[in-house]
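First comes the structure, then the notes that go with it.
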Amino acid sequence: MTIAAKDAPLIAVDDVHTYYGKSHILHGVTLHVGPGEVVGLLGRNGVGKSTTLKTIMGLVRPTEGSIQLDGAPITGMPPHKLARLGVGYVPEDRRIFRLLTVMENLRTGLDRQGVTDEKKQALLDKVFNYFPVLAERRSQAGGTLSGGEQQMLAIARAMMLEPKIILLDEPTEGLMPRMVSQISNIIDVLHKENVAILLVEQNVPLTLEASERVYIMEKGVVRHHAAARELKMNDAVIHQYLGV
89 MTIAAKDAPL IAVDDVHTYY GKSHILHGVT LHVGPGEVVG LLGRNGVGKS
139 TTLKTIMGLV RPTEGSIQLD GAPITGMPPH KLARLGVGYV PEDRRIFRLL
189 TVMENLRTGL DRQGVTDEKK QALLDKVFNY FPVLAERRSQ AGGTLSGGEQ
239 QMLAIARAMM LEPKIILLDE PTEGLMPRMV SQISNIIDVL HKENVAILLV
289 EQNVPLTLEA SERVYIMEKG VVRHHAAARE LKMNDAVIHQ YLGV
């Protein structure tokens, strides 16, 4: 099934091929995310979901195809430039600075040109409102936080950049149900604030609940694309490609 985003794409990935060395990982991936839209990217482990996010973020350069942000080409642009353009990235392994405090981690996204002290404080107040535990642990080293708290810190750090879109890779992996619920809530909050999200997640029910549209990948290829509401846990497509 082919459906369109509700608006002109914020992110448009067109026929992208990506290799790791001689290994051909992405085989002509095409997908799009509209402004403020939450889009899920599902598939079994090893099918290229994380590589898709890394390719968009400029961490891996595609050999073919194009990527656009707001209609402008960004293919292969380095991550720090993409961050300035409004692309946030929360990797699967979180990559917080373990020896820095929570506040120091957040400041890596705050200390940029053109951000006034008042704006910095407003951004901090907002994330501390969303993540009260981070306010409580602001002087604590990132590496001493629990897995769920580290995930919150990684998302909060991305929010400091005031992104147009966040590429969110496996945010609930290894987390307790209570933390999973909190991550689900913050995805909903970001959506309400018109931040687009491209969500890679093994938790199929959460993805279907959070997303407006879903792409399903198999062996580096997008095999299915549908409105999330059309895909139920007993749907034949879910069984075919995800085995659940």
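Using my numbering, the letters of the sequence shown correspond one by one to residues 89 to 332.
Ideal placement from N, C-alpha and C gives every residue a C-beta, glycine not left out.
As the structure is a prediction and not an experimental result, all values here were calculated from the model.
DSSP beta-bridge partners for residue i?
i      : result
His312 : Ile304
Pro161 : Gln156
Ala284 : Ile253
His120 : Ala100
Ala229 : Thr189
Sorted by chain position, which residues of the same chain lie with C-beta nearer than 8 Å to residue i's C-beta, five sequence neighbours on each side aside?
i      : result
Arg186 : Ala229, Gly230, Gly231
Glu258 : Ser138, Glu180, Val288, Glu289, Gln290
Arg132 : Glu306, Tyr329, Leu330, Gly331
Arg301 : Ile91, Ala93, Glu125, Val127, Gly128, His313, Ala314, Ala315, Ala316
Gln209 : none
Would the beta-carbon of residue i fall within 8 Å of that of residue j?
i      : j      : result
Thr151 : Tyr107 : yes
Ala315 : Leu98  : no
Tyr303 : Leu129 : yes
Arg225 : Val190 : yes
Glu237 : Val215 : no
Gly176 : Ile254 : yes
His120 : Val104 : no
Leu173 : Met145 : no
Arg182 : Gln270 : no
Leu296 : Leu319 : yes
Met248 : Leu286 : no
Val178 : Leu233 : no
Per DSSP, what kind of secondary structure is residue i in: helix, strand or coil?
i      : result
Gln270 : helix
Asp102 : strand
Met295 : In the sequence as presented, Met is not what sits at residue 295; that position holds Thr. Three-state DSSP puts Thr295 in a helix.
Val148 : coil
Val221 : helix
Gly109 : coil
Leu194 : helix
Leu114 : strand
Thr139 : helix
Leu129 : strand
Gly262 : coil
Val175 : strand
Asp276 : helix
Ile184 : coil
Lys208 : helix
Arg317 : helix
Val203 : coil
Tyr329 : helix
Gly236 : helix
Pro166 : coil
Excluding the five sequence neighbours on either side, which residues of its own chain have a C-beta within less than 6 Å of the C-beta of residue i, listed in chain order?
i      : result
Ile113 : Thr106, Gly136, Thr139, Gly308
Leu294 : Ser272
Ile184 : Asn193, Gly230, Gln238, Leu241, Ala242
Gly109 : none
Leu198 : Lys208, Met248
Ala160 : none
Thr163 : Ser154, Ile155
Taking 7 Å as the cut-off, is the CB of residue i close to at least one heavy atom of the ligand MG?
i      : result
Gln238 : Of the ligands one can find in the structure shown there are none, so the ligand MG has no counterpart to examine.
Residues in the same chain with beta-carbon distance under 7 Å from residue i, minus the five sequence neighbours each way, listed in chain order, please.
i      : result
Pro251 : Gly174, Val175, Gly176, Val283
Thr118 : Val101, Asp102, Asp103, Val310
Segment contact flag, the stretch 147-161 with the stretch 307-315, C-beta cutoff 8 Å, min 3 pairs: no
Sufficient close CB pairs (3 or more, under 8 Å) joining the stretch 232-250 to the stretch 180-194: Result yes; three or more Cβ-Cβ pairs closer than 8 Å.
Touch test, the stretch 263-282 against the stretch 117-129, Cβ-Cβ under 8 Å, three pairs minimum: yes
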